[in-house]
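Structure record follows, encoded as structure tokens.
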Amino acid sequence: MVLYVDTIYVDLAVDDSVEVYLGDSAQISCQYNFSAASQPSVVMIQWFVRAVGNSSRMRIFYGDDSQQMVDDNTPYSGRIAVTSDQQASLLAIQDVRLSDEREFFCQVNGLAAGNAEGKTHLRVFGVLTGISVTNELPSKVASCEARNGFPKPNITWYRNSTPLLPAQGHVNVLTLVTRESNGFYSVQSTLEYKVLKEDKDAQFVCEVSFSVPGAVRTAESKAVNLTIYYPTTMVELWKESPQGLVKEGDTVELRCQGDGNPPPPFVFSREQSRGNVLMLSAVSRKDSGVYRCRPLDVEPLAEVTGDVQLTVHYLDPAVVVPKDSEVMFKGESLTATCNALSSLKTSTVWYKDGKQVGTGNTLLLQDATYETTGEYVCEVTVPSLPALHTSGFVHIIIAFILTKCVCVCVCVCVCVCVSFQGWHEVVSKANEHTAHSVVSVKVTSDISALCNASNDMGTEIKGNGVIIVVIILCILLLAILGSILYFLHKKGKIPCGRSGKQEISKENTTKDDIVVEMKTNPMEEAVLLKGVNGDKKSPSDQVTMSPEPTAL
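The numbering of the sequence shown is full-length UniProt numbering, which starts it at 1 and goes up by one.
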């Protein structure tokens, strides 16, 4: 008879070591498998921890099919979590500390189905910081350890894939070899390295080589970056905003940066500001100049500064000459100028009624006409900085004579034996002692009127000069004055003659009595042409008109 006996066992697998950085989370896995002949009804899982070199250990977790419990009052209470299934248990440790570099035990108990236990060494790595380049001696960069190897493993250090060989005063490698009680070797290597500023971006790696049957294998650690402190040797100052040219009213941000580590605070020369940013609000042209920043981690006399030239551009209001308005006469010429002081090259365009009429700082108006009247606007812009622009204006007024007006000239002559020599008259009347002559002429820019009366006793000439600007007013005033003189003469209130002293009421008149009147309204002819005392004009009376101006 053959008797078969099924073997009862538990197959358990854990990692020999788990590496983690300080502050990160660590996960330790425990996988198990019961033999086919020993499937347990209940599986109990417990996690224990033991400090390296200490024989006592402490339970931190217990779990079975009915409960999962994290032990209280342990360094891991509140920091661990365990998830389990039929074949594995996973221990997760949050916020790993240096004190967590210990041995963690996973124990699986299936009662009659068997039990097993595995051990994992948690290794904690802390990245070195604060190595100073001013240290003359080599500084400790990192340590590398290889445990439980046989034969003895070897450790080699690399900087950016280049092996580091011992060099006096620069590279020093300290190696510690320990023979464990079980016959295995543990090797610890410490790298001392004189760091330079150029090592701020370097990566240091340790490589462990160990022998296996028929070959040599290698394993690399995670790369280590060094935080190196060094003083500032170069400073740069630049304009962060706005982009492009700066104009008055902008907010300017100046930023200062040096190559020191850690970044030092800065002080600015023109403004009392600390930090690495200087804000200038609503800048004006007086803010233009050189700005300088200096780090505070260097000696005051050290020439380590950053400079930047700030130019604030401006455009003053446009000044137009002539100012506001200008009166021109028909046919005249005028040169208008428009200037605006600016720090940049400007462009000037003239507009009238929305249409461009000229470019440049000057506008020439030649041979003025009625159409020249209007408002001329000059717009000054800065092509390189369109946000700068200004404008001004001048209003042009054209003064002219109303050439369609008609001037009515009346000449009244009172004398004895009148001989009247005159012009082409509209109306001409004369009697024995009085002559009336009326002429109408088209108004031009410059006219004058002369009334010439002569007889055997002599000749008398009266004239009127008309100036272009006041001709209309003069015509009206003269017409009124002539009317008054005529009616006073008719009623005998004033004498008419060359001497101006004779009573007009006397029967006898002299040869020199003459009255001249300018009239703008032809409708008054009927009144003005009446003879003095009802007398008729003598056909010999004369009135002439000359283009030469004389005073009335």
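Note that the Cβ used here is the ideal one computed from N, Cα and C, for glycine as well.
Under the DSSP definition of a beta bridge, which residues are partnered with Q188?
-> The count along the sequence shown starts at 1 and reaches residue 188 at position 188. Q188 pairs with E145, L176.
Given A387, which residues of its chain have a CB within under 7 Å of its CB, disregarding the five upstream and five downstream residues?
-> As a working mapping, residue 387 is identified with position 387 in the sequence shown. Taken in chain order, the residues that qualify are K247.
Using CA coordinates, which residue listed in S25, L12, H121, L365 is at the minimum distance from F329?
-> Counted from its first residue, the sequence shown places residue 329 at position 329. Nearest option by C-alpha distance: L365.
L12 versus T232: straight-line alpha-carbon distance, rounded = Within the sequence shown, residue 12 is the residue found at index 12, counting from 1. Within the sequence shown, residue 232 is the residue found at index 232, counting from 1. Taking the straight line from one Cα to the other gives about 57 Å.
Three or more C-beta pairs closer than 8 Å, one from the stretch 320–335 and one from the stretch 264–275: is that the case here?
-> no
In the DSSP assignment, what residue or residues form a beta bridge with I45?
-> The sequence position of residue 45 within the sequence shown is 45, counting from 1. Beta-bridge pairing links I45 to G63, V108.
First through last residue of the beta strand (DSSP E) which encompasses N154 | Within the sequence shown, numbered from 1, the residue matching residue 154 stands at position 154. Per DSSP, N154 belongs to the beta strand (DSSP E) from 154–159.
Report all residues from its chain with a CB closer than 7 Å to the CB of K152; omit the five preceding and five following residues, and keep chain order.
-> In the sequence shown, the residue the question calls residue 152 occupies position 152. Correct list, in chain order: V177, Y185, V187.
Taking all protein chains shown into account, decide if E460 is buried (16 or more other Cβ within 10 angstroms of its Cβ) or exposed.
-> In the sequence shown, the residue the question calls residue 460 occupies position 460. Classification of E460: buried, given that the 10 Å Cβ count is 16 or more.
Hey, L122 and I28: beta-carbon distance below 8 Å or not?
-> Taking the first residue of the sequence shown as 1, we reach residue 122 at position 122. Taking the first residue of the sequence shown as 1, we reach residue 28 at position 28. Yes; because the gap between Cβ atoms is below 8 Å, this pair is in contact.
Does the separation of the CB atoms of V321 and A340 fall below 8 Å?
-> Here residue 321 is taken as the residue at index 321 of the sequence shown, counted from 1. Here residue 340 is taken as the residue at index 340 of the sequence shown, counted from 1. No, the pair does not count as a contact, with Cβ atoms beyond the cut-off.
Relative to the C-alpha of R59, which residue among Q39, F104, S35, S89 is closest?
-> Residue numbering aside, residue 59 sits at position 59 when the sequence shown is read from its first letter. Here the closest residue by C-alpha is F104.
Could you tell me the boundaries of the beta strand (DSSP E) in which V70 lies?
-> Counting from 1 along the sequence shown, the entry for residue 70 is found at position 70. Run containing V70: 68–70, per the beta strand (DSSP E) assignment.
Endpoints, beta strand (DSSP E) assigned at G354 = In the sequence shown, the residue the question calls residue 354 occupies position 354. Element bounds for G354: n/a, residue is neither H nor E.
So, helix, strand or coil for R255, using DSSP?
-> Counting from one through the sequence shown, the residue named residue 255 turns up at place 255. Strand.
Among the residues of its own chain, which have a CB less than 6 Å from the CB of A219, if the five just before and after it don't count?
-> Indexing the sequence shown from 1 puts residue 219 at position 219. These residues qualify, in order along the chain: V208.
DSSP beta-bridge partners for N33?
-> To locate residue 33, count along the sequence shown from 1; it is residue 33. Note: N33 sits in a beta bridge opposite D11.
Exposed or buried, D100, counting other C-beta atoms within 10 Å across all chains shown (16 or more means buried)?
-> One-based indexing of the sequence shown puts residue 100 at position 100. With 16 or more other Cβ atoms within 10 Å, it is buried.
Under the DSSP definition of a beta bridge, which residues are partnered with A163?
-> The sequence position of residue 163 within the sequence shown is 163, counting from 1. According to the sequence shown, residue 163 is Pro rather than Ala. Answer by DSSP bridge pairing, in chain order: Y158.
Sequence-distant residues of its chain with Cβ nearer than 7 Å to G258 (five each side left out) = Sequence index remark: in the sequence shown, residue 258 carries index 258 (1-based). If we look at G258 and ignore the five residues flanking it on each side, its Cβ neighbours are T232, M234, V235, P264, P295.
Pick helix, strand or coil for A223, following the three-state DSSP scheme.
-> Here residue 223 refers to the residue found at position 223 of the sequence shown. A223: coil per DSSP, three-state reduction.
Assign T509 to buried or exposed, taking buried as 16 or more other Cβ atoms, counted over all protein chains shown, within 10 Å of its Cβ.
-> Position 509 of the sequence shown holds residue 509. Below a pLDDT of 50, predicted positions are generally treated as unreliable, and T509, at 43, falls in that range; the measurement from the model is reported next regardless. Label assigned to T509: buried.
Mapping DSSP to helix, strand and coil, what is Y291?
-> Taking the sequence shown and counting its residues from 1, one reaches residue 291 at position 291. Y291 falls in the strand class under three-state DSSP.
Taking S84 as the reference, give the member of I397, A318, V108 with the closest Cα.
-> Residue numbering aside, residue 84 sits at position 84 when the sequence shown is read from its first letter. The shortest C-alpha separation from S84 is found at V108.
Under the three-state DSSP convention, the category R102 falls into = In the sequence shown, the residue the question calls residue 102 occupies position 102. The answer is coil: DSSP assigns R102 none of H, G, I, E or B.
Option in A112, A113, G118, S143 with minimal Cα separation from F125 = Within the sequence shown, numbered from 1, the residue matching residue 125 stands at position 125. Ranking the options by Cα distance to F125, first place goes to S143.
Can you list, in chain order, the residues of its chain whose CB lies under 8 Å from that of L90, leaving out five sequence neighbours each side?
-> As a working note, residue 90 is residue 90 in the sequence shown. Within the same chain, L90 has close Cβ partners Q27, I28, S29, C30, V82, T83, S84.
Select from L280, E198, G331, V43 the residue whose C-alpha is nearest the C-alpha of Y291.
-> Here the question's residue 291 lines up with position 291 in the sequence shown. Nearest C-alpha to Y291: L280.
Own chain, CB closer than 6 Å to Y62, minus 5 neighbours either side, in chain order = Here residue 62 corresponds to residue number 62 of the sequence shown, with the count starting at 1. Result list for Y62: Q46, M69, in chain order.
For Y376, does the count of other Cβ atoms within 10 angstroms reach 16, so buried, or fall short, so exposed?
-> In the sequence shown, the residue the question calls residue 376 occupies position 376. Buried is the call here.
When you compare each of E371, V382, G249, V267 to V312 by their alpha carbons, which one comes out closest?
-> The residue given as residue 312 occupies position 312 in the sequence shown. Residue G249 is the option with its Cα nearest to V312.
Reducing DSSP to helix, strand and coil, say where K345 ends up.
-> For this step, residue 345 is matched to residue 345 along the sequence shown. Residue state, collapsed to three classes: coil.
Selection from P163, A51, V42 that minimises the alpha carbon distance to Q67 = The residue you call residue 67 lines up with position 67 of the sequence shown. Ranking the options by Cα distance to Q67, first place goes to V42.
Which residues in the same chain as K506 place their Cβ atom closer than 7 Å to its Cβ, once the five residues preceding and following it in sequence are excluded?
-> For this step, residue 506 is matched to residue 506 along the sequence shown. A caution first: K506 carries a pLDDT of 42, below 50, which makes its placement in the model unreliable, though a value can still be read off. Around K506: no qualifying Cβ.
So V171 packs on P138, CB below 8 Å; how close in whole Å?
-> Taking the first residue of the sequence shown as 1, we reach residue 171 at position 171. Taking the first residue of the sequence shown as 1, we reach residue 138 at position 138. Confirmed, about 7 Å.
Report the residue from D71, D201, D15, S284 whose alpha carbon sits nearest the alpha carbon of K119.
-> On the sequence shown, position 119 is the one that residue 119 refers to. It is D15 whose Cα lies nearest to the Cα of K119.
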